[in-house]
Amino acid sequence: MSPFRYQLTSEEFRKEWSVKNGEPMSTATLWRRKSWAQEHYPQWRKVFLYGGRIDLKEYQKFETFYSEKQYEAHQDPHLKIMEEM
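Numbering (the numbering used here), first residue to last: -4 to 80.
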């Protein structure tokens, strides 16, 4: 992959963006992330482009946002109360 190529088709993206043990990302995982982004991420159209392409730079920003939201959702409720005080 060229270092100057920032947009990939979903097939290329799944091959490049390995989930674990070098296995490509499954189609179901990609669709789950896309549907989550459509509901929660305000800039989701910059990530999942028209025609099925995915922008790598924007996807990395989305992954950061996604992981922060997942952390907050699984955080201990007692810590949430303490942070609000």
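Ideal placement from N, C-alpha and C gives every residue a C-beta, glycine not left out.
Boundaries (first-last residue) of the alpha helix (DSSP H) holding residue i
i	result
L25	T22 to H35
W39	W39 to V42
Cβ-Cβ distance between residue i and residue j below 9 Å
i	j	result
Y1	K56	no
L25	R48	no
Y61	W31	yes
K64	D50	no
Beta strand (DSSP E) segment containing residue i, residue limits
i	result
R48	R48 to D50
L3	Q2 to T4
Status (buried if at least 16 other CB within 10 Å, exposed otherwise) for residue i
i	result
L44	exposed
A23	exposed
A68	exposed
R28	buried
Y36	buried
Y66	exposed
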